[in-house]
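There are 2 protein chains.
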Amino acid sequence: MAQKPSIPKGTRDFSPLEMAKRNYIFDTIKSVFLLYGFQQIETPAMENLSTLMGKYGEEGDKLLFKILNSGDYLKDAPDHLLASKDYIHLITKVSEKGLRYDLTVPFARYVVQHRNDLQMPFKRYQVQPVWRADRPQRGRYREFYQCDADVVGSDSLLNEVELVSMIDEVFKRFGINIVIKLNNRKILSGIAEAIGAPEKIVDITVAIDKIDKIGLDNVNAELLEKGLPQEAIDTLRPLLTLSGTNDEKLATLKSLLANSETGMKGIEEMIFVLNSTAALSLKSQVELDVSLARGLNYYTGTILEVKALDVEMGSISGGGRYDNLTGVFGMDGLSGVGISFGADRIFDVLNTLDLYPADTTATTKVLFINFGDKEAAACLQHMAALRAAGISCELYPESAKMKKQMAYANAKGVPFVAMVGESELESRTITVKNMTTGNQSTCTITQAIEMLS
Amino acid sequence: MAQKPSIPKGTRDFSPLEMAKRNYIFDTIKSVFLLYGFQQIETPAMENLSTLMGKYGEEGDKLLFKILNSGDYLKDAPDHLLASKDYIHLITKVSEKGLRYDLTVPFARYVVQHRNDLQMPFKRYQVQPVWRADRPQRGRYREFYQCDADVVGSDSLLNEVELVSMIDEVFKRFGINIVIKLNNRKILSGIAEAIGAPEKIVDITVAIDKIDKIGLDNVNAELLEKGLPQEAIDTLRPLLTLSGTNDEKLATLKSLLANSETGMKGIEEMIFVLNSTAALSLKSQVELDVSLARGLNYYTGTILEVKALDVEMGSISGGGRYDNLTGVFGMDGLSGVGISFGADRIFDVLNTLDLYPADTTATTKVLFINFGDKEAAACLQHMAALRAAGISCELYPESAKMKKQMAYANAKGVPFVAMVGESELESRTITVKNMTTGNQSTCTITQAIEMLS
């Protein structure tokens, strides 16, 4: 039975070339994580649905991939639910496991489950795929990797400073120029307090974010429409037009939030993080951005986002501080701060700006041409010597036409071809051809190894 | 709501220590794969059920984890199937995706789907988790990694030789002494032919395998019971008691299979592989084992299995040649040969024999003790210098009691602790303590970097 094979919508195969580039990205991020003292963990792809449900909002519950129970999955399904095709209430009857939706909830579950084995503060990193039943579209996939680093069990702002420094190091290694945008949830709360409309904080941050695009008047009109009193809008004005250096912005904020204890605490935290990172002479710009408002119901302190400067693209990294990650699993009072790197977007940025190092996609270094059984046997010996010297090589497995073997080398991007024919067999030599320059020379295997190393 | 968090049966969390060991295993295997010219691909965790179903036998179909369709998964479910709770026929109505069960079928699907982009022979490796709804038990998990390398598009036996050489290199690097057991499906067919009972081949290989345990008489009795004629059993006798060197075994086989064309072809192939690998002076034993009979309905030529010599354990690697991997997806005539490394068992062997290199579980190299804000600020500067030199380090984020900070260093296995107190601040020095020896010395940051590099 011949089937036309394909893969599920929103999922991807990765070719050798793509894998080489992805490995470069993951390896770079991981090596920086290690340099900063983070340790890797992995959690299962499947979590109990009870762990996942209710953690991502109603929409998130729908986007979880659920695993059908093994065996007779209908044995606990009540007849009346089946009869009415009540697929919503049947879900927990036919499925008790789901695929992880992010790395944060599994991490929280991990911390609580293994609390007795963990030394706090616990600095963990995790690089694994997650799955979401989102409508697939350009740049949005149903399976994608997240690269997260978090510190839990410490509310010191030094953790924020280290994370900013770590982000700087990662993108310095990639050669991507970035701005690291910082805000603080407490500053946002302070603003809401200051204008007497705490419930309008989301509308306000959206408005601040739009000011460049639609202008002050339109933003004001929108805020009025959303029910913000004119007085509050007037109070907001200096904030909506906030610009200049971080210090200038802080000065405006200080006067605006002078009466908000929470707001002033946020400013104090911001000042500490900005001053401490400024002292480190980072390559990246670090910018206070009061329009930044990610995950409002989740983060409680610093929030941050990274944008690439030389290419149009959404944020390529982001994170923040949360004060009660593990509370939902019965372990209260554990503060943490973390960041997540967007591997797919970093992949696109590196492609767009052509920033991959030349050896990223390096493959086999030497292809041995196959001239027949006797020659092939000699090649196997030579290859053992090359490999002992760390040089990757392979033998074309058939004594096919030279043209075909060369085409293979070219297609695979092999930079050197080694030939051991009759005369080389006799003189115990090897002819090495540089596929880029076309130069070739005949030498001993020792000389060849030296040349290729 | 406090939940007691746990993970699904048969799945595992991996701690930093376990991850470090697993990374050592995967990195070692991957680096050898690359040395031999294999290139990495990845395929999605989810495949269409049409790709997976029917590929692993009836039992395999049951062990596939199926994903519940998103949204109203009951909309295509016929009322009468729901009414009769016919969960078997409902499966394809409520689920169209499943988790991959191995890496082989997704690879076959990949090759067919991307046939126009692939240069043959295609040497791919793949290291990804697979999922099976097996009954969990000691050493058997519902999520585990496979590490596969395959060459497709070439029927040359040089591929077999390279794979044997690659296995040798992998286990040499691990320091695990192994025997590589080889057999050939054609030899097994020849044996079945020679005794006139082709359908009894499985019983025969099982019997050969048991001879050491239960003795010749009991094996013969079992074979009689299974319906093998006495004449066939007599013919089998030299095979059942086959021992000695590979050459001695081959001599016996040659006389037994003299009239079987297939059998003699298998012997010829075996001789080529044995001679070619013998010429490579491998560290591992390579042994012809006619009792080896893995995946009979799948492999068509060479089959191989790896056993650790110094520890009781099932096979830790295995593979073979198949002649029609992609036929089920409509692409005939593609021969391939591959091997799979069992990461979980290798993990256990390395643990049992305590073979992990000392630096496998190396973590942060230096912990900076936190004596307060001013000192911490200086530490951040020093850490930037250390990290620029590639030395991993971290700062304890709170100025906690010395004892607590030291306990953190100990628990994490940090080998050096750096102290910058008031006197070090003044003299622009740093005190470094070796946690193993207890020695400590005060020096400049440049000297510290030199010492720690």
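Just so you know, the protein sequences line up as chains S and Z, in that order. The numbers in my numbering rise by one with no breaks, and the one at position 402 of the first sequence is 402. The numbers in my numbering rise by one with no breaks, and the one at position 207 of the second sequence is 1207. No residue lacks a Cβ here, since even glycine has one placed at the ideal position from N, Cα and C.
Distance check for ASN1023/Z and TYR145/S, CA to CA, integer angstroms please. 18 Å
Residues of chain S with CB closer than 9 Å to the CB of MET1046/Z, please, in chain order. ILE7, PRO8, THR11, PHE65, LEU99, TRP131, ARG142, GLU143
Neighbourhood of ILE1346/Z by C-beta, 6 Å cutoff - its chain only, sequence neighbours within 5 removed: ILE1025, ILE1316
Under 8 Å: do the stretch 32-41 of chain S and the stretch 68-87 of chain S share three or more Cβ pairs, one atom per stretch? no
Which of helix, strand or coil does DSSP assign to SER95/S? strand
For PRO238/S, which beta-bridge partners are listed by DSSP? Answer by DSSP bridge pairing: none, since PRO238/S is not bridged.
Considering only DSSP beta bridges, list what PRO129/S is partnered with. TYR145/S
Considering only the beta carbon of each residue, do LEU1355/Z and GLY1196/Z sit closer than 8 Å? no
Can you list the residues of chain Z that GLU394/S reaches, using a CB-CB cut of under 8 Å? TYR1036, GLY1037, LYS1123, GLU1162
Look up THR436/S in the DSSP assignment and say whether it is helix, strand or coil. coil
Cβ of THR92/S within 8 Å of Cβ of MET1046/Z? no
DSSP beta-bridge partners of VAL1286/Z: ILE1180/Z
Test item: CB-CB of LYS181/S and LYS307/S under 8 Å: yes
List the residues of chain S whose Cβ lies closer than 8 Å to the Cβ of LEU1280/Z, in chain order. LEU380, GLN381, ALA384
Same chain, Cβ closer than 8 Å to GLU42/S, neighbours up to 5 away in sequence not counted: GLN126, GLN128
Tell me the DSSP bridge mates of ALA45/S? Beta-bridge pairing links ALA45/S to no other residue.
Is GLU58/S near the ligand SAM - that is, is its Cβ less than 7 Å away from at least one heavy atom of it? The ligand content of the structure shown is nil, which means the ligand SAM is not present either.
At the level of alpha carbons, what is the spacing between ASP1209/Z and HIS89/S? 53 Å
Inter-stretch contact at 8 Å, needing at least 3 Cβ pairs: the stretch 1054-1073 of chain Z / the stretch 1093-1103 of chain Z: yes
Could you pull the start and end residues of the beta strand (DSSP E) that GLY1319/Z belongs to? 1317-1322
Give a yes or no on contact between the stretch 395-403 of chain S and the stretch 51-61 of chain S, applying the rule of three or more CB pairs nearer than 8 Å. no
Does any residue of chain Z bring its CB to less than 8 Å from the CB of PHE14/S? yes
Rounded straight-line distance, which links the Cα of VAL164/S to that of THR277/S: 7 Å
Those runs of the alpha helix (DSSP H) which lie wholly inside the stretch 376-407 of chain S and span at least 4 residues: none
Can you confirm whether PRO1078/Z, when its beta carbon is compared against all beta carbons of chain S, has any partner nearer than 8 Å? no
Three or more C-beta pairs below 8 Å linking the stretch 1146-1166 of chain Z and the stretch 1327-1340 of chain Z: yes
Taking a contact to mean a Cβ-Cβ separation below 8 Å, would you say VAL179/S touches GLN285/S in this structure? yes
Is MET1/S helix, strand or coil when you go by DSSP? Legend: pLDDT at MET1/S = 44, less than 50; position of this residue unreliable, value from coordinates given subsequently. Of the three classes helix, strand and coil, the one that applies to MET1/S here is coil, per DSSP.
Nearest-angstrom Cα separation, counted from VAL1366/Z out to THR1442/Z: 15 Å
Just checking, does the stretch 110-121 of chain S make contact with the stretch 1381-1390 of chain Z on the three C-beta pairs under 8 Å criterion? no
Let me confirm a value: ASN1183/Z is counted as buried when at least 16 other C-beta atoms fall within 10 Å, else exposed. Which label applies? buried
Please return the same chain residues whose Cβ sits closer than 8 Å to the Cβ of LEU1068/Z, not counting the five positions on each side in sequence. VAL1094, SER1095
Spell out a yes or no on whether the stretch 1127-1142 of chain Z and the stretch 1238-1254 of chain Z are touching, meaning 3 or more CB-CB pairs, one atom from each, closer than 8 Å. no
Do the stretch 1154-1164 of chain Z and the stretch 1257-1273 of chain Z touch if we need at least three Cβ pairs shorter than 8 Å? yes
Residues near LEU223/S by beta carbon distance below 6 Å, same chain, minus five either side: ALA207, ILE233
So, are the CB atoms of GLU1269/Z and LEU1157/Z less than 8 Å apart? yes
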